[in-house]
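Colleague:
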Amino acid sequence: MPNIAINVVYALPNKQYLYHIDITAGSTVQQAIIMSGIMHLRPEIDLTKNKVGIFGRFVNLSDTIYDGDRIEIYRPIISKPKNRHQNQ
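In this text, residue positions in the sequence shown follow our numbering: the first is 128, and each later residue adds one.
(1) Using C-beta distances below 7 Å, list every residue in its chain close to Phe185, excluding the 5 sequence neighbours before and after it, in chain order.
(2) Report the residue from Glu199, Ile181, Asp194 whose alpha carbon sits nearest the alpha carbon of Met128.
(3) Bridge partners for Val156 per DSSP, in chain order?
(4) Could you tell me which uninterrupted beta strand (DSSP E) segments, each at least 3 residues in length, are contained entirely in the region 179 to 207, listed from first to last along the chain?
(5) How about Ala159 and Ile133: are their beta carbons less than 7 Å apart?
(6) Helix, strand or coil: which one does DSSP assign to Ile131?
Here it is, written out as structure tokens:
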């Protein structure tokens, strides 16, 4: 199978991680995240807890990825945005 080019992104309040990788067509979201190496650099990422998406739409780890996809790893929400606004 041919390779496809995708991005894997993870954002913190003060830093963004962006990985451009080539991966075999037909690969899954989980395979792409693992191949990116982000989980070695950011051990707080837990694919059993962190939600993931492609271009802002939630997806499953088992979903197939396509050329040009941007896989996003979302951080858990610590507090409700309304409560955070009241605390400022």
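Even for Gly, the Cβ is constructed at its ideal location relative to N, Cα and C.
Modeller: Taking the geometry as given:
(1) Lys178
(2) Asp194
(3) Paired residues: none, contrary to the question.
(4) 179 to 181, 184 to 186, 197 to 200
(5) yes
(6) strand
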